[in-house]
Amino acid sequence: MAFGIAAELARAERPRISPAIPQKPERIFIMKTLSSLTAALIGASLLATLPLAAIAKEPVIVETIVQEPVVVEAVLVSTYLNGGVGENEAATMRRVAQEFPLRMTFSERKDGEFIADVPVVILDARGNPVFELPKAGPMLYVVLPNGKYRVSARFKGLTESQDVTLTGKEGKDLYFHWKR
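Heads up: the sequence shown at position 33 corresponds to 33 in full-length UniProt numbering, and the numbers run straight through without jumps.
Below you can see the structure in the form of structure tokens.
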């Protein structure tokens, strides 16, 4: 019964359109558009007040926000393969080596024992870093575009650097060997 009363009230509140007054479709479309725009503006103004409400609840020192610098960092992305510890892993890396234009191997002593945890930095011809890996080795394969690069690797406080030019015709192998 309550449902029936609510339905009657809803019908009573609706404006009645007289069939004697012809309705133009353009006028209805314009009214619907204006109603939609009004609703959107009201919603946007309510959303705009949310940050103010958040600030009002928690005091914020404006000087701190204004004085802090905005830091923008470039993210360098390169495809690489790092590893080669153990004979199985080294064999797997050798099988896919041709897919990587730059291949590096790290070793030490007279016997050429492989080493790992070697920090590596690759700079382009302008001296900009294009690849960095804090713990590379014993084998590191990197995909880079054609160009000139300087590769630097550090082991036990000693840095070794090599220049390489990638042409796309064939890959380049670099060997970093520290004698101790």
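No residue lacks a Cβ here, since even glycine has one placed at the ideal position from N, Cα and C.
Since the model is a prediction, treat every value here as computed from it, not as a measurement.
For residue j and residue i, believed in contact at Cβ under 8 Å, the rounded distance
i: A136; j: V118; result: 5 Å
i: P101; j: V143; result: 6 Å
i: M122; j: F155; result: Note on identity: in this sequence residue 122 is Ile, with Met being the wrong assignment. 16 Å between Cβ atoms; not a contact.
As assigned by DSSP and simplified to three states, the class of residue i
i: E113; result: strand
i: E89; result: helix
i: E170; result: coil
i: H177; result: strand
i: A97; result: helix
i: K156; result: coil
i: L102; result: strand
i: L144; result: coil
i: R126; result: coil
i: S107; result: strand
i: S161; result: strand
Per DSSP, the bridge partner or partners of residue i
i: G83; result: M139
Exposure label - residue i; buried when at least 16 CB within 10 Å
i: V120; result: buried
Can we say the stretch 168-177 touches the stretch 99-116, given the rule of at least three CB pairs closer than 8 Å?
They touch, by the three-pair rule.
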